[in-house]
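Input: a single structure, listed below in structure tokens.
Residue numbers (this note's numbering): 7 to 173.
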């Protein structure tokens, strides 16, 4: 499995893998945001197919000295094959390379499968819930604002040289 930066020619194949859970329009918007510097978007390629994605950066519940991970999606046909774990580990490696001491994310309180994976990989849930707000687009470009109760989860790597005060 190869984890790498998304390229324009990946967008359609990624959208095919994530459909119908994530719309083609949503995938294209994520790519556009990566080109504008809003997010860094990684994809997972397995046996010649683009099977998953994760993003870092963005806005949201950012913490000092931390890399924010979001928009982790794996195509339903490719789940339980280590794709999500590989994408998460790529984000963690990026955080360490940048001398950051943790990765943080928001996860819906109802997404028990994702919470289980994050906990298995060493993520700890912070005690207070937050309201996570994001925009969802369908294939016609119609948008709706989604608000959901979420946990912030973090995985600490210990102190790293060059890190300032923890936020």
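Glycine included, C-beta positions come from ideal geometry on N, C-alpha and C.
Hey, how far is the Cα of residue 35 from the Cα of residue 128?
Taking the first residue of the chain shown as position 1, residue 35 is located at position 29. Taking the first residue of the chain shown as position 1, residue 128 is located at position 122. So the two alpha carbons sit approximately 31 Å from each other.
In this structure, how does DSSP classify residue 29 when only helix, strand and coil are distinguished?
Taking the first residue of the chain shown as 1, we reach residue 29 at position 23. Here residue 29 sits in coil by DSSP.
Whose C-alpha, out of 135, 151 and 149, is nearest the C-alpha of residue 159?
Counting from 1 along the chain shown, the entry for residue 159 is found at position 153. Measuring from the Cα of residue 159, the nearest candidate turns out to be 135.
Residue range of the alpha helix (DSSP H) that includes residue 59
Counting from one through the chain shown, the residue named residue 59 turns up at place 53. Here residue 59 belongs to no alpha helix (DSSP H); instead the beta strand (DSSP E) covers 55-63.
Look at the Cβ atom of residue 45, then the Cβ atom of residue 39, and state whether they are nearer than 7 Å.
Stepping through the chain shown from its first residue, residue 45 is reached at position 39. Stepping through the chain shown from its first residue, residue 39 is reached at position 33. Result yes, Cβ atoms of residue 45 and residue 39 sit closer than 7 Å.
Using 10 angstroms around the beta-carbon of residue 231, count the other beta-carbons present and answer buried if the total reaches 16, otherwise exposed.
Lying before the first or after the last residue shown, residue 231 is absent from the chain, which here runs from 7 to 173.
Validate contact between the stretch 109-118 and the stretch 71-80 using beta carbons, cut 8 Å, 3 pairs:
yes
Burial state of residue 149, where buried means 16 or more other Cβ atoms lie within 10 Å
Counting from 1 along the chain shown, the entry for residue 149 is found at position 143. When all chains shown are included, residue 149 counts as exposed.
Can you name, in chain order, every residue of its own chain whose Cβ lies under 7 Å from the Cβ of residue 92, other than the five neighbours on each side?
Locating residue 92 in the chain shown gives position 86, where the first residue counts as 1. Correct list, in chain order: 7, 9 and 50.
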